[in-house]
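K.L.:
Pasting in a structure now, in structure tokens, and then I'll have a few things to ask.
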DNA sequence: TTTTCTAAATCGAAAATACCGATTGATGTG
DNA sequence: CACATCAATCGGTATTTTCGATTTAGAAAA
């Protein structure tokens, strides 16, 4: 039994005339005859009475027609649903994001969610390590993160969003806040609170000091960035983050770090060879547009 | 899109392993690969993610699977329903019958209807002419009638049930009731009430007298047999019917008619080349069994 | 009746396609 | 790094679908 045969059957049932049905189906009459016969053989019951040249439905045919119709319809509905999905009338996207990029995500998120209210969105905050892991397990459609060697895997696709300089973040009333610029060496003088292991920034900062053979004064490592910023706000500690990781609303000062390769690259990371939903592509678009403002 | 492909897809979805799915489907892995690919092409969307050797469902795949499943199920249900029909768990039969054979039908009808309460039965009383017409229009599954040239059509099938002698039917207290046997000629002396045109018996009786060049005294022609019998019961009139057309319950006497070819043949008449439902075949069986008691 | 027309079934051939085995390429694993 | 595994691909084969032509048979017309 194949959908093709069910379609043939329904058309023949509709017209009760094989010749005309065959025409409308754009097949030959002999093909229709044969396919109907094959279906009848498989069902082990005639669907039509052939009294001479008169064709009428058998009781079996009438009963079976409903099922045939529904079978065809279900398949067709599936196809239509996919077309809709393609035009994202429905669907769900899951976005991973590091705290450092939450100010990038938020406006795009608001724009997208209001524009496509029917699409469910799940946002997962986490460390870069966690996000990479979730990407690998297909639990995310994409992740927003800064570039870093943790995330370098050949089956990932990368889209650059923008570059942001690393800055020292400090309370506005702290001594550091007056500086126009600051060197790595100077920072070693101050007590720091840094993102815990797992965050790309954590690794970046550790590597940075190591490369320059400097020992930073790391007082606290913490895996919650809002809390980290609260600590910084007290003036007792300072931290190092990309400039865009801090918003004006946070009420904190950012001082650029002097040195080479002090730029972080924010990017969209996604799995290669995984189908990119239209909704996801649209979200990329909004992200890029927002950044180019 | 074909049901075969949908089945392949669901198996692949179930196992998320093409090689094993192909094995369980008794096809080669390459065939499965190709058929899935073809389905994806038609749907214009990947159903699976192929990340290296890992196979996972896409969102589209997950959504489509429900429809695929239902489509297959509907077709399968149709098949199962037909199997049930074959074993007549359901269905409806329509039986045509002449009044003259109502006493043959009734016990079979009671037996069948109690044995297969789930089968709807429609009984249509009518003249042989009407029944033949309805058979031709497929409005009856079969008809019970006496044999007669009216009903001789090449696209009919005939099953003999039994033979019944023609008898004169009369009130038990009438003068005729005392006779052991009666001749055609004698009947012409008595006023008759006969079935109206259209009944096989009417034609049979008319032909009979004509063949013997006799003129019967036909006082009344009537197209309702119970009423006809009521008239006979008054003793004012007599009629001619097959012996089995009259029951003991009717309180009437039957006197065999002397002569050649005075036997009527009761039969089942049905359309050739029209599918005979199991229920109908079972009804035939019960009719035959009942008669052979 | 006989003839003519029409529609479904049938038949043989050809076109399409489902299928297979072998191979390839890619990816995890020991 | 070798090895095993799995999906994709390729070329060829087998099967199935399809078609055109013909046959068969009923219905309508002559």
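Chains as they are written, first to last, in my numbering: chain H, 1 to 293; chain E, 1001 to 1293. Don't be surprised by glycine CBs; every beta carbon is placed ideally from N, CA and C.
1) Hey, is the segment 1153-1164 of chain E in contact with the segment 1265-1283 of chain E, meaning 3+ C-beta pairs nearer than 8 Å?
2) Does any C-beta atom of chain E lie closer than 8 Å to the C-beta of residue 77/H?
3) Given a limit of 7 Å on CB to CB distance, which residues of the segment 228-259 of chain H reach chain E?
4) Is residue 1025/E close to chain H, meaning its C-beta is less than 8 Å from at least one C-beta of that chain?
5) Beta carbons nearer than 9 Å to chain E: which residues of the segment 266-286 of chain H have them?
6) Which residues share a DSSP beta bridge with residue 1200/E?
7) Does any residue of chain E bring its CB to less than 8 Å from the CB of residue 49/H?
8) When every heavy atom of the ligand GTP is checked, does at least one fall within less than 7 Å of the C-beta of residue 1228/E?
9) Would residue 1247/E be called buried (16 or more neighbouring beta carbons within 10 Å of its own) or exposed?
10) Measuring only the C-alpha atoms, how far is residue 1033/E from residue 1045/E?
11) Give me whichever residues DSSP pairs with residue 122/H in a beta bridge.
12) Within the 8 Å Cβ cut-off, does residue 6/H reach chain E?
13) Residues of chain E with a CB under 8 Å from the CB of residue 45/H: which are they?
14) Entirely within the segment 1049-1092 of chain E and at least 3 residues each: give me those beta strand (DSSP E) ranges in chain order.
15) Closer than 9 Å between beta carbons: that is the criterion. Which residues of the segment 1011-1023 of chain E meet it against chain H?
16) When you compare the segment 68-83 of chain H with the segment 192-204 of chain H, are there three or more beta-carbon pairs, one atom per stretch, that lie closer than 8 Å?
17) Could you pull the DSSP bridge partners for residue 1228/E from this structure?
18) Who does residue 191/H pair with in a DSSP beta bridge?
19) Only counting the same chain, and skipping five residues up and downstream in sequence, which positions put a Cβ closer than 8 Å to that of residue 1185/E?
20) Would residue 1174/E and residue 1266/E be called neighbours here (beta carbons separated by less than 8 Å)?
21) So, does the CB of residue 91/H fall closer than 8 Å to a CB anywhere in chain E?
22) Output, in chain order, the set of chain H residues within a Cβ distance shorter than 8 Å of residue 1059/E.
23) Is the beta carbon of residue 1043/E closer than 8 Å to that of residue 1036/E?
24) By DSSP, does residue 1012/E sit in helix, in strand, or in coil?
25) Going by the beta-carbon positions, is the gap between residue 1161/E and residue 1104/E smaller than 8 Å?
26) Which of the three DSSP states, helix, strand or coil, is assigned to residue 1250/E?
27) By alpha-carbon positions, which one of 39/H, 172/H and 91/H ends up nearest to residue 254/H?
28) Could you round the C-beta distance between residue 1239/E and residue 1169/E to whole angstroms and report it? I think they count as a contact, below 8 Å.
29) If you measure beta-carbon to beta-carbon, which residues of the segment 132-163 of chain H are closer than 7 Å to chain E?
30) Looking at residue 1116/E: is its Cβ nearer than 8 Å to the Cβ of residue 1088/E?
31) So does the segment 1093-1107 of chain E actually touch the segment 1127-1145 of chain E, counting three or more Cβ pairs closer than 8 Å?
32) For residue 244/H, name the three-state secondary structure that DSSP assigns.
33) How about the segment 1006-1021 of chain E and the segment 10-17 of chain H: do they share at least three Cβ pairs that are nearer than 8 Å?
34) Where does residue 167/H sit, in a helix, a strand or coil, going by DSSP?
35) I need the boundaries of the beta strand (DSSP E) containing residue 1265/E, first residue and last residue.
36) Please work out which residues of its chain come closer than 7 Å, Cβ to Cβ, to residue 226/H, disregarding the five sequence neighbours upstream and downstream, and give them in chain order.
P.N.:
By the coordinates alone:
1) A contact is defined here as three or more CB-CB pairs under 8 Å, and the segment 1153-1164 of chain E meets this definition with respect to the segment 1265-1283 of chain E.
2) Here the question's residue 77/H lines up with position 77 in the first chain. Taking Cβ atoms only, chain E reaches closer than 8 Å to residue 77/H, which makes this a yes.
3) For the segment 228-259 of chain H, which is checked against every Cβ of chain E, not one residue is closer than 7 Å.
4) Numbered from 1 along the second chain, position 25 holds the residue referred to as residue 1025/E. Not an interface residue.
5) Those would be 271, 272, 273, 274, 275 and 277, in chain order.
6) Locating residue 1200/E in the second chain gives position 200, where the first residue counts as 1. Partner(s): none; residue 1200/E has no beta bridge.
7) On the first chain, residue 49/H is found 49 positions in, with the first residue counted as 1. So yes, residue 49/H belongs to the interface.
8) Among the components of this structure there are no ligands whatsoever, and the ligand GTP is therefore not found.
9) Along the second chain, read from residue 1 onward, the residue named residue 1247/E stands at position 247. Label assigned to residue 1247/E: exposed.
10) Stepping through the second chain from its first residue, residue 1033/E is reached at position 33. Stepping through the second chain from its first residue, residue 1045/E is reached at position 45. Distance between the alpha carbons of residue 1033/E and residue 1045/E: 15 Å.
11) For this step, residue 122/H is matched to residue 122 along the first chain. Beta-bridge annotation (DSSP): residue 122/H is paired with 94/H.
12) Within the first chain, the letter at position 6 stands for residue 6/H. Taking CB atoms only, residue 6/H has a neighbour in chain E less than 8 Å away.
13) Taking the first residue of the first chain as 1, we reach residue 45/H at position 45. Against chain E, the beta carbon of residue 45/H has neighbours under 8 Å at 1082, 1085, 1086 and 1275, listed in chain order.
14) Fully enclosed beta strand (DSSP E) runs of 3 or longer: 1054-1057.
15) Cβ contacts with chain H come from no residue of the segment 1011-1023 of chain E.
16) Flag = no, the segment 68-83 of chain H and the segment 192-204 of chain H do not touch.
17) Here residue 1228/E refers to the residue found at position 228 of the second chain. Answer by DSSP bridge pairing: none, since residue 1228/E is not bridged.
18) Counting from one through the first chain, the residue named residue 191/H turns up at place 191. Paired residue(s): 217/H.
19) Counting from 1 along the second chain, the entry for residue 1185/E is found at position 185. Excluding positions up to five away in sequence, the list reads 1212 and 1214.
20) Here residue 1174/E is taken as the residue at index 174 of the second chain, counted from 1. Here residue 1266/E is taken as the residue at index 266 of the second chain, counted from 1. No, Cβ-Cβ distance for residue 1174/E and residue 1266/E is not below 8 Å.
21) Start at 1 with the first residue of the first chain, and residue 91/H comes out as number 91. Chain E contact via Cβ: present.
22) Taking the first residue of the second chain as 1, we reach residue 1059/E at position 59. Under the 8 Å cutoff, chain H gives 85, 91, 92, 275 and 277.
23) Here the question's residue 1036/E lines up with position 36 in the second chain. Here the question's residue 1043/E lines up with position 43 in the second chain. Not a contact, by the Cβ cut-off of 8 Å.
24) As a position in the second chain, residue 1012/E is number 12, starting the count at 1. Residue state, collapsed to three classes: helix.
25) Position 161 of the second chain, counted from the first residue, corresponds to residue 1161/E. Position 104 of the second chain, counted from the first residue, corresponds to residue 1104/E. The answer is yes: Cβ separation under 8 Å.
26) One-based indexing of the second chain puts residue 1250/E at position 250. In the three-state reduction of the DSSP assignment, residue 1250/E falls in the helix class.
27) Position 254 of the first chain, counting from 1, holds the residue named residue 254/H. Of the candidates 39/H, 172/H and 91/H, the one whose C-alpha sits nearest the C-alpha of residue 254/H is 172/H.
28) The sequence position of residue 1239/E within the second chain is 239, counting from 1. The sequence position of residue 1169/E within the second chain is 169, counting from 1. About 5 Å separates the beta carbon of residue 1239/E from that of residue 1169/E, a gap short enough to meet the 8 Å contact definition.
29) If you check each beta-carbon in the segment 132-163 of chain H against every beta-carbon of chain E, the ones closer than 7 Å belong to 138 and 155.
30) On the second chain, position 116 is the one that residue 1116/E refers to. On the second chain, position 88 is the one that residue 1088/E refers to. In this structure, residue 1088/E lies closer than 8 Å to residue 1116/E by Cβ.
31) Touching, per the Cβ criterion.
32) Reading the first chain from its first residue, position 244 is the one you call residue 244/H. DSSP places residue 244/H within a helical segment (H, G or I) once states are collapsed to three.
33) In short, these stretches do not touch, since the Cβ pair count stays below three.
34) As a first step, residue 167/H is located in the first chain; it is residue number 167 there, counting from the start. Collapsing the DSSP output to three states places residue 167/H in a strand.
35) The sequence position of residue 1265/E within the second chain is 265, counting from 1. That run of the beta strand (DSSP E) goes 1263-1271.
36) Translated into the one-based positions of the first chain, residue 226/H becomes position 226. There are no such residues.
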